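Protein chains in written order, with the working numbering: chain A, -2 to 409; chain B, 12 to 118.
Just so it is clear, CB atoms sit at the ideal spot from N, CA and C, and this is done for glycine as well.
None of these values were measured; they are calculated from a predicted model.
All remarks here apply to the structure that follows.
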């Protein structure tokens, strides 16, 4: 697929100097694109600092500098009109908007502060031993098995063994968690088949999640109960608490699954990097981070302009949707040396795989903890990771990952 | 541009030039100071750019925000009275010569 770039001639009827924005005929929400987005990412980056995507009538940024700038200017590029294609000013959202993701300051500031405290570094210290023990047990089980699917048996199984408990969920119904997250991330996309199918099948998953967000259904001591406890402090209302718990249920599991899957996929494809990691397991945390940069489990998010704005010399009107290609920014050669290489020693600080600015992933510390302890547990037990069957891609409007990754481990 | 000295855990000083409006964390990662990780990229969310400010400088820095204060409770190395997050220290001409001591671990 070679996208066409066309440069429109400036229209003469505007008083402002209009710089023509390159138009591209790509559909970044098509199966063909999802199968291999990287060549198109390059076209998007090279076409200009901002481009127009005719198919969905939106603008897009794919270079690191512009993606970072848009992420860090929430006043101009707002989230309250939705961070998917749907403009909440014109369409009814498929679910009540998130009080944190789909909110701007000052409303966002208060709810963000609550989640920041619930998932703070101090809290992470408290759960570390529990998460480590579960990772060690999982690694023992997988090494004993030898051959397995690294997505279902590892990337999904490990977070499912720790995160729902940390949240304080009941044992029943947890099978709804991944389908619910998959629905949320598909719903950020355009009204294509992926989104339509996900929403059509959403009723049972939505009902489960809505129930689990209620105070009486959350075990004491978990993240969910900690959010509800802030109602007693007067920081949030009783009506707001369930919606904030919903944010953790939406964004806390499937993203980590794809992050862990990405890490195993990278380490299997770059055996010399696995060797380096085995020789120095203290690199495990960075090895996970580098996989998040390279594979970007969350590929894209939208913002909406709140006013006329210039992006690197290109004029956009108020009320335009701007699609940020986080994944393309994370491989922009203007920012990264050898961007397509997986390097466990790379200085990854500044990558936008978790976003940047006020909306940066609130659960990033939990994700990193899970990634670090799982990879560390493997380094101590595994000599080689080999891909031993067909790798199947996962198709989702926002998430990038695999559906299946058959591997064989040889013990150390 | 204001200069800044990081003192490594073994006592070795490393002086570097900072950029205009750069934070101490960004200057450190740009120059490859190993002890500063900066996982969140300077968004005050991770506490992996922890430093101990030299006693002679501590009172000359802007006050700690509530967010930074909460994050400092979660640092990997022990929090001390001079602990700060280097991403929250914006370099200005008044801070020329600032001395920051590096903890032995960040995660």
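Ignore the nearest five residues each way along the sequence and tell me which others in residue i's own chain have a CB closer than 6 Å to its CB.
i	result
residue 144 (chain A)	405
residue 242 (chain A)	210, 221 and 224
So is residue i buried or exposed if we call it buried at 16+ other beta carbons inside 10 Å?
i	result
residue 178 (chain A)	buried
residue 127 (chain A)	exposed
residue 293 (chain A)	buried
residue 197 (chain A)	exposed
residue 131 (chain A)	buried
residue 18 (chain A)	buried
residue 87 (chain A)	exposed
residue 161 (chain A)	buried
residue 393 (chain A)	buried
residue 231 (chain A)	exposed
residue 28 (chain A)	exposed
residue 91 (chain B)	exposed
residue 453 (chain A)	The question about residue 453 (chain A) has no answer, for chain A in this structure spans -2 to 409.
residue 327 (chain A)	buried
residue 213 (chain A)	exposed
residue 123 (chain A)	exposed
residue 118 (chain A)	buried
residue 253 (chain A)	buried
Starting from residue i and walking both ways along the beta strand (DSSP E), at which residues does that stretch end?
i	result
residue 384 (chain A)	379 to 384
residue 306 (chain A)	306 to 308
residue 94 (chain B)	94 to 96
residue 57 (chain A)	55 to 58
residue 37 (chain B)	First-last for residue 37 (chain B): 35 to 42, but that is the alpha helix (DSSP H), not the beta strand (DSSP E).
residue 299 (chain A)	297 to 302
residue 390 (chain A)	389 to 391
residue 49 (chain A)	48 to 50
residue 321 (chain A)	318 to 322
residue 282 (chain A)	Looking at the DSSP string, residue 282 (chain A) is not in any beta strand (DSSP E); the run it does join, the alpha helix (DSSP H), is 281 to 292.
Is DSSP giving residue i helix, strand or coil here?
i	result
residue 9 (chain A)	Residue placement at residue 9 (chain A) cannot be trusted, given a pLDDT of 48 that sits under 50; what the coordinates show is reported in the next sentence. Note: residue 9 (chain A) maps to coil in three-state DSSP.
residue 339 (chain A)	coil
residue 98 (chain A)	coil
residue 402 (chain A)	coil
residue 143 (chain A)	coil
residue 274 (chain A)	helix
residue 220 (chain A)	helix
residue 89 (chain A)	coil
residue 26 (chain B)	strand
For the alpha helix (DSSP H) containing residue i, list its first residue and its last residue.
i	result
residue 258 (chain A)	251 to 266
residue 245 (chain A)	237 to 248
residue 376 (chain A)	361 to 376
residue 36 (chain A)	35 to 44
residue 180 (chain A)	174 to 184
residue 12 (chain B)	It is not in any alpha helix (DSSP H) - residue 12 (chain B) carries neither H nor E in the DSSP assignment.
residue 63 (chain A)	61 to 68
Return the chain-ordered list of same chain residues with a C-beta closer than 7 Å to the C-beta of residue i, the five sequence neighbours on each side being excluded.
i	result
residue 100 (chain A)	76, 77 and 108
residue 80 (chain B)	none
residue 399 (chain A)	148, 258, 262, 388, 389, 390 and 391
residue 17 (chain B)	25, 39, 44, 111 and 113
Can you give me the Cβ contacts of residue i inside the same chain, cut-off strictly under 8 Å, excluding the 5 residues immediately before and after it?
i	result
residue 341 (chain A)	270, 273, 274, 280, 283, 284 and 287
>> Does the contact criterion of 3 or more C-beta pairs under 8 Å hold for the segment 88 to 98 of chain B versus the segment 33 to 49 of chain B?
In response: The segment 88 to 98 of chain B vs the segment 33 to 49 of chain B: in contact.
> Does the segment 280 to 295 of chain A come within contact of the segment 368 to 388 of chain A, defined as at least 3 CB pairs closer than 8 Å?
Replying inline: A contact between stretches requires three or more CB pairs, one per stretch, nearer than 8 Å, and the segment 280 to 295 of chain A meets this requirement with the segment 368 to 388 of chain A.
>> Three or more C-beta pairs under 8 Å: does that hold for the segment 240 to 257 of chain A against the segment 345 to 364 of chain A?
In response: Taking 8 Å as the limit for Cβ pairs, the verdict is that the segment 345 to 364 of chain A does touch the segment 240 to 257 of chain A.
>> With three or more C-beta pairs closer than 8 Å as the rule, is the segment 250 to 267 of chain A touching the segment 111 to 131 of chain A?
In response: Result no; under three Cβ-Cβ pairs closer than 8 Å.
> Is the number of C-beta pairs between the segment 54 to 62 of chain A and the segment 317 to 327 of chain A that are closer than 8 Å three or more?
Replying inline: Cβ pair count under 8 Å is three or more, so yes.
>> Pairs of beta-carbons, one from the segment 329 to 344 of chain A and one from the segment 307 to 320 of chain A, closer than 8 Å: are there three or more?
In response: At 8 Å Cβ cutoff, the stretches do not touch.
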